[in-house]
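Colleague:
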Amino acid sequence: MTAIIEAQGVSKWFGEVVAVNNLNLSIESRITGLLGPNGAGKSTLIKLALGLYAPSRGEIRVFGSRPRNNNAVMRRIGYCPETDYFFENTTGYEFVYWLNRYWGMSRRDARRAAEAACELTRMTERMHDPITAYSKGMRQRIKIAQALASSPELLFLDEPMNGLDPRGRDEMYALIQALADAGMAVVVSSHILYEIERITDNIVLMYRGTLLAQGQLHDIRGLIDRHPHAIRVESRQSCAISKDFLDLPDVTRLEFEENALVIRTREPNACYALLNDMARKNEGLIEGITCSDDNLQSVFDYLTR
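Each residue of the sequence shown is one higher than the one before, starting from 633 at the first, in the numbering used here.
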């Protein structure tokens, strides 16, 4: 299978900071998880593939061509950044529409593409509301809508699960799978193993700007399972939530913070399943779920010592 992204000896530095160091990798179709702790170089790699950065050394090719200043390649790519970059005082529809116009679509094509992308991301009912009124999940979906509006062949999602509640995460997982099933190549960046595991076995493992491994997730799963996962649940009823986790055999510790509960467990799948069930039965009980990269960091420390 022909690689969509190829990097050969790619390095990128900013002054004395080396963000990516002598990277060699090949990414094909379907879903690829770009996994590593914060500061691993994941976002820099994505921006190199988008042509937003030029390599300091080496070469990166996307669809067989260098992406830097290459509009033909850029039109085949969609990008959903981690950070929100919205126009002020606009609706979700206007945000997608005007980005379509920026990329050269006619008014009619931009309108149709914006409407279709909002429908695909289930934002049709709220697309004419101001973005300032959107929840975190809605903002994520409208960002993905703008990335999908041009019908790209390759989609980059940079930390798409950040801040989403359980229902929002389930919806995001389903959307990513549907896009891949339709033939789109999707690269998902995350520092949380569980998020990547839900959508793909194919991973690129990065640490401090270097490639540690590329291949099947189960190859490193055994290492990761040795270390407890920390799951932070945001809720004003953390005491009530904690009662359901007291008897789980793989929960090693419960910690209470202000309006939050931290669950330390060696079996995160069981905890996430229980949290999802709670959220579905009692809407508003859980305001958000985050997972620190302490567990992943310990694995990288093990692999690099």
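For each residue, glycine too, the CB sits at the ideal point set by N, CA and C.
All figures in this text were calculated on a predicted structure; none of them were measured in a lab.
Strictly by DSSP, which residues pair up with residue 885?
Modeller: Answer by DSSP bridge pairing, in chain order: 896.
Colleague: So residue 739 is in the alpha helix (DSSP H); what residue range does that whole segment cover?
Modeller: From DSSP, the alpha helix (DSSP H) with residue 739 extends over 739 to 752.
Colleague: I need the DSSP call for residue 890, collapsed to helix, strand or coil.
Modeller: DSSP places residue 890 in coil when its eight states are reduced to three.
Colleague: CB-CB under 8 Å to residue 886, same chain, minus the five flanking residues each way: which ones, in chain order?
Modeller: Result list for residue 886: 874, 877, 878, 893, 894, 895, 896, in chain order.
Colleague: Among 833, 765, 653, 798, which residue has its Cα nearest to the Cα of residue 842?
Modeller: Checked all of 833, 765, 653, 798; the closest Cα to residue 842 is 653.
Colleague: Going by C-alpha to C-alpha distance, which of 720, 773, 746, 792 sits closest to residue 764?
Modeller: Closest by alpha carbon: 720.
Colleague: Quick check: residue 820 and residue 831, are their CB atoms within less than 8 Å of each other?
Modeller: It is a contact, given that the beta carbons lie within the stated cut-off.
Colleague: Do residue 659 and residue 686 count as a contact pair if the criterion is CB distance below 8 Å?
Modeller: Not a contact, by the Cβ cut-off of 8 Å.
Colleague: Distance, Cα to Cα, residue 754 vs residue 766?
Modeller: Going from the Cα of residue 754 to the Cα of residue 766 covers about 13 Å.
Colleague: Report the partner residues of residue 712 according to the DSSP bridge assignment.
Modeller: Residue 712 is bridged to 789.
Colleague: List the whole-angstrom C-beta distance separating residue 791 from residue 866, where the pair is believed to meet the contact cut-off of C-beta under 8 Å.
Modeller: That belief does not hold up - the Cβ atoms of residue 791 and residue 866 are roughly 17 Å apart, past 8 Å.
Colleague: Per DSSP, which one or two residues make a beta bridge with residue 665?
Modeller: DSSP lists 820, 835 as partners of residue 665.
Colleague: Using three-state DSSP, classify residue 843 as helix, strand or coil.
Modeller: Strand at residue 843.
Colleague: Taking three-plus beta-carbon pairs below 8 Å as touching, is the segment 690 to 710 in contact with the segment 742 to 759?
Modeller: Output reads no: the segment 742 to 759 does not touch the segment 690 to 710.
Colleague: Expressed to the nearest angstrom, what Euclidean distance is found between the alpha-carbon atoms of residue 645 and residue 781?
Modeller: Roughly 32 Å between the two C-alpha positions.
Colleague: How many angstroms separate the CA atom of residue 674 from the CA atom of residue 913?
Modeller: The alpha-carbon atoms of residue 674 and residue 913 are separated by roughly 36 Å.
Colleague: Please work out which residues of its chain come closer than 8 Å, Cβ to Cβ, to residue 664, disregarding the five sequence neighbours upstream and downstream, and give them in chain order.
Modeller: Correct list, in chain order: 817, 818, 819, 820, 832, 834, 835, 836.
Colleague: Just to confirm, is the Cβ distance from residue 704 to residue 728 under 8 Å?
Modeller: No, Cβ-Cβ distance for residue 704 and residue 728 is not below 8 Å.
Colleague: In the DSSP assignment, find the unbroken alpha helix (DSSP H) run with residue 660 in it and report its ends.
Modeller: It is not in any alpha helix (DSSP H) - residue 660 carries neither H nor E in the DSSP assignment.
Colleague: Using C-beta distances below 7 Å, list every residue in its chain close to residue 779, excluding the 5 sequence neighbours before and after it, in chain order.
Modeller: Correct list, in chain order: 710, 711, 712, 787.
Colleague: On a Cα-Cα basis, can you pick out the residue from 698, 738, 829 that is closest to residue 642?
Modeller: The shortest C-alpha separation from residue 642 is found at 698.
Colleague: When we look at the beta-carbon of residue 736 and count the other beta-carbons within 10 Å, is it buried (16 or more) or exposed?
Modeller: With fewer than 16 other Cβ atoms within 10 Å, it is exposed.
Colleague: Please state whether DSSP places residue 701 in a helix, a strand or coil.
Modeller: Residue 701 falls in the coil class under three-state DSSP.
Colleague: Could you give the residue range of the alpha helix (DSSP H) that holds residue 801?
Modeller: Element bounds for residue 801: 798 to 813.
Colleague: Start and end of the beta strand (DSSP E) containing residue 922?
Modeller: Start and end: 920 to 923.
Colleague: Considering Cα atoms alone, identify which of 769, 840, 725 is closest to residue 807.
Modeller: Of 769, 840, 725, the residue nearest in Cα terms is 769.
Colleague: Would you mind giving the Cβ-Cβ distance between residue 799 and residue 716, rounded to the nearest angstrom? I have them listed as a contact below 8 Å.
Modeller: Not really, about 20 Å apart at Cβ, beyond 8 Å.
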